[in-house]
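Numbering (my numbering), first residue to last: 34 to 431. All C-beta atoms in this analysis are idealised placements derived from N, C-alpha and C, irrespective of residue type, glycine included. Just so it is clear, the structure is predicted and the values come from calculations on it, not from any experiment. I have placed the structure first, in the form of C-alpha cells, so that the comments after it can refer back to it.
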C-alpha cells in the first residue's frame with residue numbers, strides 16, 4: 034500500500050508518498066505561498082527534482098498540483114492517483130474528542146471543525162482546509178486523522194490536570210494535551226530498538242527541541258507526562274514562545290502594554306522566547322554566533338533554554354522512578370551540541386555522562402550514541418520521522 038502523508042499549514046502544504054512495504058519515501062515536496070501569490074511547488078520524485086511555478090489560490094488547487102507531480106511523466110512515481118491507498122493527515126490538537134488515529138467521516142469532520150479549532154487556532158483550521166481539499170479531489174480515497182496529541186492520551190489524570198475547579202475541567206476540557214506526539218512516539222521506539230530492549234522495559238525522556246520544543250516522559254512506551262500544555266505555548270521557552278509563565282504576569286503585562294486578550298496571546302507566541310530574550314533571533318545558529326562574539330543576551334537565551342530543558346529531564350526521571358535513556362531530536366536537538374551539553378551538565382547524579390567528542394560529531398542522519406563509556410544513562414541523538422509514524426498509523430487503521 035502507498036500512503037500519502039499531508040501536513041497542511043495556512044499557506045503551505047508538505048507531503049510525502051510512502052511505500053508501506055518498504056517504508057521508503059517515493060516522493061515528497063512542499064507547496065508554498067498558497068493563496069498569497071507567487072505560489073510554488075518544490076517536488077522530488079524518481080530521483081529528480083522539479084519546481085512548479087503555478088498559482089495556487091487555495092489548498093484544493095495545491096492538492097491537484099501535488100497529484101499532477103506524483104503522476105508527472107518526468108518525476109512521477111505512480112501512474113494514477115488510484116494507486117494511493119489512503120491519505121494520512123497531521124492534525125495538532127484533538128482535545129478529548131479523539132484519543133487515537135481516526136478515519137474521517139462526516140461526523141468526524143463536524144467535530145474537528147466545531148470543537149477543536151479553538152484548541153489550536155494556528156494549526157487545526159489549516160489541517161481542516163487541507164483535509165477538505167483532499168476529499169474534494171480524492172473523494173473515494175480513505176482519509177485518516179493522526180493527532181499530535183494522541184500519544185499523550187496515556188497520561189494519568191494527576192499529570193494532565195491543572196489546579197482549577199474540577200467541574201470547569203469537565204465542562205470546558207481545560208487540561209494538558211501536549212504536542213509533537215508522533216515525534217516522541219517514533220524516537221522512543223527507535224531508542225528501545227537501538228538499546229536492544231523491549232520498549233516495556235525502558236524509561237526514556239524524549240527532548241523534541243526545535244522552534245517549538247517539548248519534552249516527554251515515556252515509561253514502557255507510554256507517555257506519562259509532557260511539557261506542553263493546553264496549547265503548544267506551555268513548557269520551555271522556545272523560538273518565539275514564552276513557555277511557562279505565571280497567569281497573573283500575563284494579565285499584568287497586558288495591562289501595562291495596553292493589549293487585549295488576543296494581542297497578549299499573540300505577543301507570548303510570536304514576540305517572546307529566545308528571540309525576545311536575545312533581541313537577536315529565534316535561530317539558534319544566530320544565538321551561538323552572537324554568544325561567541327560576546328553578546329551576553331544571546332548567551333543568556335541559550336543558558337535559559339538548556340536550564341529549563343534540564344529541569345524537565347530531572348523531574349521526569351523522578352516521575353518515572355528512574356531513567357534509562359535521554360533522546361535528543363528535531364532541528365535543535367539533532368544539530369546543536371552546545372544545547373545538548375548544557376542539558377546534560379549537572380545531571381551526573383542521575384548517571385548521565387556525556388562524551389564531549391561524540392557530542393561534537395556532525396549530524397550524519399543516523400542514530401548516534403553520545404554518552405560516555407561509563408554513563409549509566411544512554412544519551413542518544415535520533416533523527417525524527419513524524420511522516421513515517423503518520424503513514425504507519427494510517428495503514429494500521431485500515
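Beta-carbon proximity check, residue i vs residue j, cutoff 7 Å
i: residue 126; j: residue 102; result: no
i: residue 268; j: residue 260; result: yes
i: residue 242; j: residue 365; result: yes
i: residue 44; j: residue 71; result: no
i: residue 163; j: residue 35; result: no
i: residue 95; j: residue 78; result: no
i: residue 342; j: residue 417; result: no
i: residue 310; j: residue 333; result: yes
i: residue 383; j: residue 352; result: no
i: residue 184; j: residue 124; result: no
i: residue 209; j: residue 262; result: yes
i: residue 257; j: residue 239; result: no
i: residue 221; j: residue 419; result: no
i: residue 65; j: residue 73; result: yes
i: residue 396; j: residue 367; result: yes
i: residue 149; j: residue 157; result: yes
i: residue 360; j: residue 415; result: yes
i: residue 348; j: residue 305; result: no
Cβ-based neighbour list, residue i, same chain, cut-off 7 Å, excluding 5 preceding and 5 following
i: residue 386; result: 404, 405, 407, 408
i: residue 81; result: 107, 108
i: residue 116; result: 35
i: residue 52; result: 35, 59
i: residue 392; result: 370, 373, 374, 403
Exposure of residue i, with buried meaning 16 or more beta-carbon neighbours within 10 Å
i: residue 233; result: exposed
i: residue 86; result: exposed
i: residue 248; result: buried
i: residue 370; result: buried
i: residue 354; result: exposed
i: residue 197; result: exposed
i: residue 199; result: exposed
i: residue 425; result: buried
i: residue 245; result: buried
Rounded distance between the beta-carbons of residue j and residue i, thought under 8 Å
i: residue 236; j: residue 356; result: 6 Å
i: residue 375; j: residue 339; result: 3 Å
i: residue 136; j: residue 161; result: No, residue 136 and residue 161 are not in contact; Cβ-Cβ is about 16 Å, not under 8 Å.
i: residue 413; j: residue 224; result: 6 Å
i: residue 264; j: residue 308; result: Going by Cβ atoms, the distance from residue 264 to residue 308 rounds to 19 Å, so no, they are not a contact pair.
i: residue 255; j: residue 187; result: 4 Å
i: residue 411; j: residue 155; result: 35 Å between Cβ atoms; not a contact.
i: residue 134; j: residue 430; result: 5 Å
i: residue 46; j: residue 92; result: 6 Å
i: residue 159; j: residue 295; result: With a Cβ gap of about 18 Å, residue 159 and residue 295 do not count as contacting.
i: residue 89; j: residue 100; result: So it is not a contact: roughly 13 Å between Cβ atoms.
Residues near residue i by beta carbon distance below 6 Å, same chain, minus five either side
i: residue 24; result: Residue 24 lies beyond the stretch modelled for the chain, which goes from 34 to 431, so this question has no answer here.
i: residue 377; result: 385, 387
i: residue 75; result: 62, 63, 84
i: residue 129; result: 206
i: residue 105; result: none
i: residue 345; result: 248, 260
i: residue 212; result: 181, 247, 261, 265
Close Cβ partners of residue i (< 8 Å) along its chain, the five nearest in sequence each way excluded
i: residue 433; result: Only positions 34 to 431 of the chain appear in this structure, which leaves residue 433 out of reach.
i: residue 335; result: 307, 317, 320, 321, 324, 371, 372, 375
i: residue 300; result: 286, 290, 292
i: residue 201; result: 207
i: residue 389; result: 374
*Enumerate, from N- to C-terminal direction, the unbroken beta strand (DSSP E) stretches of 3 or more residues contained entirely within the stretch 169 to 255.*
The beta strand (DSSP E) runs lying completely inside the stretch 169 to 255 and spanning 3 residues or more are 176 to 180, 236 to 241, 247 to 252, given in chain order.
*Which runs of the beta strand (DSSP E) fall wholly inside the stretch 58 to 132 and span at least 3 residues, in chain order?*
Here the runs fully enclosed are 73 to 78, 81 to 85, 117 to 124.
*Unbroken alpha helix (DSSP H) runs of length 4 or more, entirely within the stretch 129 to 161: which are they?*
Every unbroken stretch of the alpha helix (DSSP H) spanning 4 or more residues and falling wholly within the stretch 129 to 161 is given here in chain order: 139 to 148.
_alpha helix (DSSP H) runs contained entirely in the stretch 310 to 336, provided each spans 4 or more residues_ = Uninterrupted alpha helix (DSSP H) stretches at least 4 residues long and entirely within the stretch 310 to 336 occur at 317 to 325, given in chain order.
*What are the uninterrupted segments assigned as beta strand (DSSP E) that are 3 or more residues long and contained completely in the stretch 259 to 316, given in chain order?*
Counting only runs of 3 or more residues that sit fully inside the stretch 259 to 316, no beta strand (DSSP E) segment turns up.
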